[in-house]
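Residue numbers for the sequence shown follow this note's numbering, so the first one is 288 and each next one is one higher.
For every residue, glycine included, the Cβ atom is placed at its ideal position computed from N, Cα and C.
Keep in mind that this is a model prediction, so the values were computed, not measured.
Written below as structure tokens is the structure these notes are about.
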Amino acid sequence: MGLHQLIYMSKLATEDSVLNSIHSHAVRNNTARTMTGMLLFAQGRFLQVLEGERKDVQHTFEKIKEDRRHDHVTLIADRPIVERSFSHWNMGFKALSENEAKANAELMAFFSQPLEESELDSDTAIHLLLAYA
Ligand SMILES: Cc1cc2nc3c(=O)[nH]c(=O)nc-3n(C[C@H](O)[C@H](O)[C@H](O)COP(=O)(O)O)c2cc1C
């Protein structure tokens, strides 16, 4: 029963108007499972970190992967951790406007990488997620 962290990036496959309902549903489910994390939306993409008991993280990620509101779900990290980096939020959420995204060169570089078969750096992902948490 160890603590686990999973990070992925994906592409929005529907309208932006679904973002708030995804977030409120995530908060409700994650609170029930004592999962924490952060969901960042920018440039039509999601970057999410999930933290909690390994079985809860994996169960939630199985559901997330099947969700048709996004696609190109690309795993960045799936690993045991000693302590949580996002302990204050059952699921923090930030949707960046075009201008907010463009003001962050590191984010723009990270979010414009191709998702297929690419090696996305987990340290940069955590750094960006913490910046908006
Ligand atoms: C980008 C994205 C992030 C999501 N994050 C979560 C999450 O953190 N926790 C969660 O339970 N569901 C999350 N969901 C929703 C799941 O895909 C799924 O719809 C939901 O878990 C189903 O919950 P239910 O079994 O209570 O109906 C996310 C969906 C998307 C598209």
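Discussion item. Using the Cβ count rule (16 or more neighbours within 10 Å means buried), how would you classify ALA392?
Written reply: Looking up residue 392 in the sequence shown gives position 105. So ALA392 ends up on the exposed side.
Discussion item. Can you tell me whether THR301 sits near ligand 1, meaning its C-beta is under 6 Å from at least one heavy atom of the ligand?
Written reply: By 1-based counting over the sequence shown, the position of residue 301 is 14. For ligand 1, not one heavy atom lies less than 6 Å from the Cβ of THR301.
Discussion item. My output table needs one value for GLU340: the three-state DSSP class, helix, strand or coil.
Written reply: For the purposes of this step, residue 340 is identified with residue 53 of the sequence shown, where counting begins at 1. Looking at GLU340 - three-state DSSP - the assignment turns out to be strand.
Worksheet item: ALA382 lies in the beta strand (DSSP E); which residues open and close that run?
Response: Counting from one through the sequence shown, the residue named residue 382 turns up at place 95. 379 to 382 is the extent of the beta strand (DSSP E) around ALA382.
Practice prompt. Would you mind sorting ALA418 into buried or exposed? The rule is 16 or more other CB atoms within 10 Å of its CB.
Written response: Translated into the one-based positions of the sequence shown, residue 418 becomes position 131. Per the 10 Å Cβ criterion, exposed.
Worksheet item: DSSP on GLN330, reduced to helix/strand/coil?
Response: For this step, residue 330 is matched to residue 43 along the sequence shown. If DSSP states are grouped into helix, strand and coil, GLN330 belongs with coil.
Discussion item. Could you compute how far the alpha carbon of GLU422 sits from the alpha carbon of MET395?
Written reply: As shown, the chain starts at 288 and ends at 420. That puts residue 422 outside it, with no answer to give.
Fill in: Whole-angstrom C-beta distance between VAL360 and SER297, which should lie under 8 Å
By one-based count along the sequence shown, residue 297 stands at place 10. By one-based count along the sequence shown, residue 360 stands at place 73. That belief holds up - the Cβ atoms of SER297 and VAL360 are roughly 4 Å apart, short of 8 Å.
Item to complete: State yes or no: is the C-beta of THR361 nearer than 6 Å to some heavy atom of ligand 1?
Response: Residue numbering aside, residue 361 sits at position 74 when the sequence shown is read from its first letter. No; taking the cut-off as 6 Å, the Cβ of THR361 has no heavy atom of ligand 1 nearer than that.
Fill in: Candidates ASN316, ARG356, TYR295, ARG320, of which the one nearest VAL336 by Cα
Start at 1 with the first residue of the sequence shown, and residue 336 comes out as number 49. When only C-alpha atoms are compared, the closest one is TYR295.
Fill in: Buried/exposed call for ALA491, threshold 16 Cβ in 10 Å
The question about residue 491 has no answer, for the chain in this structure spans 288 to 420.
Item to complete: Kindly confirm or deny that the stretch 350 to 365 and the stretch 396 to 407 touch, where touching means at least three C-beta pairs closer than 8 Å.
Response: With the rule of 3 Cβ pairs closer than 8 Å, the stretch 350 to 365 counts as touching the stretch 396 to 407.
Worksheet item: Between the C-alpha atoms of ALA382 and ARG341, what's the straight-line distance to the nearest angstrom?
Response: Working through the sequence shown from its first residue, we reach residue 382 at position 95. Working through the sequence shown from its first residue, we reach residue 341 at position 54. Roughly 27 Å separates the two Cα atoms.
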